[in-house]
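Enquirer:
Numbering (my numbering), first residue to last: 4 to 434.
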């Protein structure tokens with residue numbers, strides 16, 4: 004009963020969001036609460052919600068102040084030279100802009116944090132997209148592909164797989180380097196093709212139907228800031244980003260202090276500071292509310308046991324005939340499973356069970372772990388409603404969550420499948 008209800012709740016959530024029948028805020032709150040009531044856990048729902056909110060609150064706080072910080076810095080003209088440099092480097096070429104987005108996201112993601120990657124990459128390049136009218140979904144998709152394929156020994160999925168299977172991270176990751184290189188080549192080619200498609204659309208060719216392309220007219224240029232304020236802004240931004248990457252201080256604290264200092268330096272006086280806060284409060288509040296709603300969803304689904312029940316039921320109904328191909332099957336479905344299982348539930352609840360089943364067919368634990376890394380919360384994390392990063396991507400890009408998912412899921416799934424084929428050919432997972 005729990006497993007079926009949980010599966011129905013997730014299916015209803017995805018259908019409601021992808022079809023635009025419900026806003027993410029409404030769907031993320033009402034669907035899990037309804038599921039919990041259905042299985043007779045209504046009296047425990049408040050506790051489940053509070054547990055979920057306690058886990059997501061720091062992320063929501065970080066998002067609010069990150070939006071305010073980068074918004075204030077953009078208003079102050081800090082990003083104008085960077086945008087100008089990027090424009091001079093890539094010109095008005097949509098192909099180069101899309102490819103440059105992927106390369107920048109790839110470099111920023113070397114620290115292993117998807118949130119940092121998106122917080123740095125998307126605000127910096129969104130003005131470039133708006134300047135020539137490129138679809139913001141391309142910005143979100145190319146950044147997501149680069150971060151998703153760039154799984155590293157110190158990223159969350161690799162560390163979770165290592166801990167749950169008792170396998171060193173080097174044993175999991177090192178044989179996958181060739182596979183990852185193939186994935187990165189795919190990301191570059193796909194980004195270039197998306198840029199090429201944008202060029203066709205922007206030139207007005209009927210060969211491409213823009214569909215629900217999301218773009219905006221070029222925004223008015225921010226007033227340039229010269230002298231000591233500009234240098235202080237540069238130092239402050241580098242300090243905020245560097246401290247966040249280092250992990251020495253919680254990101255929410257870093258952005259709170261950074262926002263206060265940015266307002267003090269660039270907009271002396273309470274009236275000017277209130278105006279800048281008001282200018283960006285709508286975007287910050289909207290996405291923070293969705294993040295808190297996501298906390299409700301994960302809190303109820305996990306606390307009620309529905310996620311765990313789905314894991315046990317799925318593992319228990321695996322036909323024996325496919326056991327010998329378990330690693331290959333897992334690699335294929337790993338990315339879609341990101342829509343069903345949060346990373347902790349999958350890597351600590353589902354993966355050990357799959358590994359035990361695979362052992363009976365001669366499949367080693369590290370092979371099961373590698374198969375999972377080909378999609379589960381790697382290429383899958385930027386589109387999963389179970390991770391805050393998905394809402395960061397959509398919010399920072401200024402697009403609807405459903406629009407981002409509809410556009411990006413096929414590309415991220417394709418990246419996962421390409422790497423799966425490479426892994427099978429190289430031999431890091433058995434067929």
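Here a beta-carbon is modelled for each residue, glycine too, at the ideal position from N, C-alpha and C. Remember, predicted model here, so these are calculated numbers, not experimental data.
Among 302, 186, 396 and 103, which one has its Cα closest to the Cα of residue 286?
Expert: By one-based count along the chain shown, residue 286 stands at place 283. It is 396.
Enquirer: Can you list the alpha helix (DSSP H) stretches of 4 or more residues lying completely in the stretch 67 to 109, in chain order?
Expert: Entirely contained in the stretch 67 to 109, the alpha helix (DSSP H) runs reaching 4 residues are, in chain order, 82 to 93.
Enquirer: Where residue 196 and residue 106 are concerned, what is the direct C-alpha to C-alpha distance, given to the nearest angstrom?
Expert: Counted from its first residue, the chain shown places residue 196 at position 193. Counted from its first residue, the chain shown places residue 106 at position 103. Going from the Cα of residue 196 to the Cα of residue 106 covers about 15 Å.
Enquirer: In terms of residue numbering, what span does the alpha helix (DSSP H) encompassing residue 112 cover?
Expert: Mapped onto the chain shown, residue 112 falls at position 109. Segment: none, residue 112 is in no alpha helix (DSSP H) and carries neither H nor E.
Enquirer: Taking only the alpha-carbon atoms, compute the straight-line gap between residue 174 and residue 369 and give it to the nearest angstrom.
Expert: The residue given as residue 174 occupies position 171 in the chain shown. The residue given as residue 369 occupies position 366 in the chain shown. Taking the straight line from one Cα to the other gives about 7 Å.
Enquirer: Decide yes or no for the touch test of the stretch 160 to 171 against the stretch 401 to 408: beta carbon pairs closer than 8 Å, at least 3 of them.
Expert: Contact between the stretch 160 to 171 and the stretch 401 to 408 is absent, because fewer than three Cβ pairs lie under 8 Å.
Enquirer: Mind checking whether residue 372 and residue 415 have CB atoms under 8 Å apart?
Expert: What you label residue 372 is simply residue 369 of the chain shown in a count that begins at 1. What you label residue 415 is simply residue 412 of the chain shown in a count that begins at 1. Going by C-beta atoms, residue 372 is not nearer than 8 Å to residue 415.
Enquirer: Can you tell me the Cα-Cα spacing of residue 399 and residue 121, whole angstroms?
Expert: Counting from one through the chain shown, the residue named residue 399 turns up at place 396. Counting from one through the chain shown, the residue named residue 121 turns up at place 118. Spanning the two alpha carbons is a distance of roughly 8 Å.
Enquirer: Hey, quick one: how far does the alpha helix (DSSP H) through residue 269 stretch, first residue to last?
Expert: As a first step, residue 269 must be located in the chain shown, where it is residue number 266. First-last of the alpha helix (DSSP H) with residue 269: 254 to 269.
Enquirer: Buried or exposed, going by whether 16 or more other CB atoms sit within 10 Å of the CB of residue 95?
Expert: Taking the first residue of the chain shown as position 1, residue 95 is located at position 92. Exposed: under 16 other Cβ atoms inside 10 Å.
Enquirer: When the Cα of residue 7 is compared with those of 235, 270 and 315, which residue comes out closest?
Expert: As a position in the chain shown, residue 7 is number 4, starting the count at 1. Answer by Cα proximity: 315.
Enquirer: Take the Cβ of residue 435 as the centre, count every other Cβ of all protein chains shown within 10 Å, and call the residue buried at 16 or more, exposed below.
Expert: The structure shown does not extend to residue 435, since the chain spans only 4 to 434, so no value can be given for it.
Enquirer: Out of 428, 378 and 420, point me to the one whose CA is closest to residue 151's CA.
Expert: Residue mapping note: residue 151 aligns to position 148 of the chain shown, counting from 1. Measuring from the Cα of residue 151, the nearest candidate turns out to be 378.
Enquirer: Who are the near neighbours of residue 10 in its chain, counting only those whose CB is closer than 7 Å to its CB and skipping five residues on each side?
Expert: Numbered from 1 along the chain shown, position 7 holds the residue referred to as residue 10. Taken in chain order, the residues that qualify are 313.
Enquirer: Looking at C-alpha atoms only, which residue of 331, 231 and 75 is the closest neighbour of residue 281?
Expert: To locate residue 281, count along the chain shown from 1; it is residue 278. Comparing Cα-Cα distances from residue 281 to each of 331, 231 and 75, the minimum goes to 75.
Enquirer: Taking only runs that begin and end inside the stretch 137 to 170, name each unbroken alpha helix (DSSP H) of 4 or more residues, in chain order.
Expert: You should have 139 to 152 and 159 to 168.
Enquirer: By a C-beta neighbour count over all protein chains shown, 10 Å radius and 16 as the cutoff for buried, is residue 138 buried or exposed?
Expert: Your numbering for residue 138 matches position 135 in the chain shown. It counts as buried.
Enquirer: Secondary structure at residue 432, three-state DSSP: helix, strand or coil?
Expert: As a first step, residue 432 is located in the chain shown; it is residue number 429 there, counting from the start. Reduced to three states, the DSSP call for residue 432 is coil.
Enquirer: Output the distance between the C-alpha atoms of residue 35 and residue 62, rounded to the nearest integer angstrom.
Expert: Position 32 of the chain shown, counted from the start, is the residue given in the question as residue 35. Position 59 of the chain shown, counted from the start, is the residue given in the question as residue 62. C-alpha separation (whole angstroms): 21 Å.
Enquirer: For residue 279 and residue 289, I'd like the C-alpha separation in whole angstroms.
Expert: Here residue 279 refers to the residue found at position 276 when the chain shown is read from its first residue. Here residue 289 refers to the residue found at position 286 when the chain shown is read from its first residue. Straight-line Cα distance between these residues: approximately 17 Å.
Enquirer: Nearest-angstrom Cα distance between residue 235 and residue 266?
Expert: What you label residue 235 is simply residue 232 of the chain shown in a count that begins at 1. What you label residue 266 is simply residue 263 of the chain shown in a count that begins at 1. Using only the alpha carbons, I get a separation of about 12 Å.
Enquirer: Just to confirm my understanding: we take residue 101, look at its own chain, exclude 5 residues before and 5 after, and list those with CB closer than 6 Å. What are they?
Expert: Here residue 101 refers to the residue found at position 98 of the chain shown. 141, 145, 194, 197 and 198.
Enquirer: Would you decide whether residue 97 is buried or exposed? Buried here means 16 or more other CB atoms lie within 10 Å of its CB.
Expert: Counted from its first residue, the chain shown places residue 97 at position 94. Under this definition residue 97 is a buried residue.
Enquirer: What is the C-beta distance between residue 374 and residue 333, in whole angstroms, given that I count them as a contact (C-beta under 8 Å)?
Expert: Residue mapping note: residue 374 aligns to position 371 of the chain shown, counting from 1. Residue mapping note: residue 333 aligns to position 330 of the chain shown, counting from 1. The pair is a contact, with the Cβ atoms about 4 Å apart (cut-off 8 Å).
Enquirer: Where does residue 47 fall in DSSP's three states?
Expert: Along the chain shown, one-based indexing puts residue 47 at 44. The answer is helix: DSSP assigns residue 47 an H, G or I state.
Enquirer: Give me the Cα-Cα distance between residue 410 and residue 426, rounded to the nearest whole angstrom.
Expert: Position 407 of the chain shown, counted from the start, is the residue given in the question as residue 410. Position 423 of the chain shown, counted from the start, is the residue given in the question as residue 426. About 26 Å.
Enquirer: Using only the alpha-carbon positions, how far apart do residue 148 and residue 380 sit?
Expert: The sequence position of residue 148 within the chain shown is 145, counting from 1. The sequence position of residue 380 within the chain shown is 377, counting from 1. Residue 148 and residue 380: Cα-Cα distance of roughly 12 Å.
Enquirer: So, for residue 348: in the same chain, excluding its five sequence neighbours on each side, which residues have a beta-carbon less than 8 Å away from its beta-carbon?
Expert: Within the chain shown, residue 348 is the residue found at index 345, counting from 1. 305, 310, 311 and 314, listed in sequence order.
Enquirer: Residue 386 lies in the alpha helix (DSSP H); which residues open and close that run?
Expert: Along the chain shown, read from residue 1 onward, the residue named residue 386 stands at position 383. Here residue 386 belongs to no alpha helix (DSSP H), and DSSP marks it neither H nor E.
Enquirer: Where residue 126 and residue 338 are concerned, what is the direct C-alpha to C-alpha distance, given to the nearest angstrom?
Expert: For this step, residue 126 is matched to residue 123 along the chain shown. For this step, residue 338 is matched to residue 335 along the chain shown. Looking at the two C-alpha atoms, the distance is approximately 27 Å.
Enquirer: Since residue 379 is in the alpha helix (DSSP H), which residue starts that stretch and which ends it?
Expert: Counting from 1 along the chain shown, the entry for residue 379 is found at position 376. Per DSSP, residue 379 belongs to no alpha helix (DSSP H) and is neither H nor E.
Enquirer: Out of curiosity, what's the CA-to-CA distance linking residue 390 and residue 118?
Expert: Stepping through the chain shown from its first residue, residue 390 is reached at position 387. Stepping through the chain shown from its first residue, residue 118 is reached at position 115. For residue 390 and residue 118, the distance between alpha carbons rounds to 10 Å.
Enquirer: Could you check what DSSP says for residue 23 in three-state terms: helix, strand or coil?
Expert: As a first step, residue 23 must be located in the chain shown, where it is residue number 20. Three-state result, residue 23: coil.
Enquirer: I'd like the span of the alpha helix (DSSP H) that includes residue 366, first residue to last.
Expert: Working through the chain shown from its first residue, we reach residue 366 at position 363. Segment: none, residue 366 is in no alpha helix (DSSP H) and carries neither H nor E.
Enquirer: Closest to residue 303 by C-alpha separation, out of 263, 165, 271 and 345, would be which residue?
Expert: As a working mapping, residue 303 is identified with position 300 in the chain shown. For residue 303, the nearest C-alpha among the options comes from 345.
Enquirer: Looking only at its own chain, which residues have a Cβ that is under 7 Å from the Cβ of residue 42, when we skip the five neighbours before and after it?
Expert: One-based indexing of the chain shown puts residue 42 at position 39. Contacts found: 4, 5, 8 and 307.
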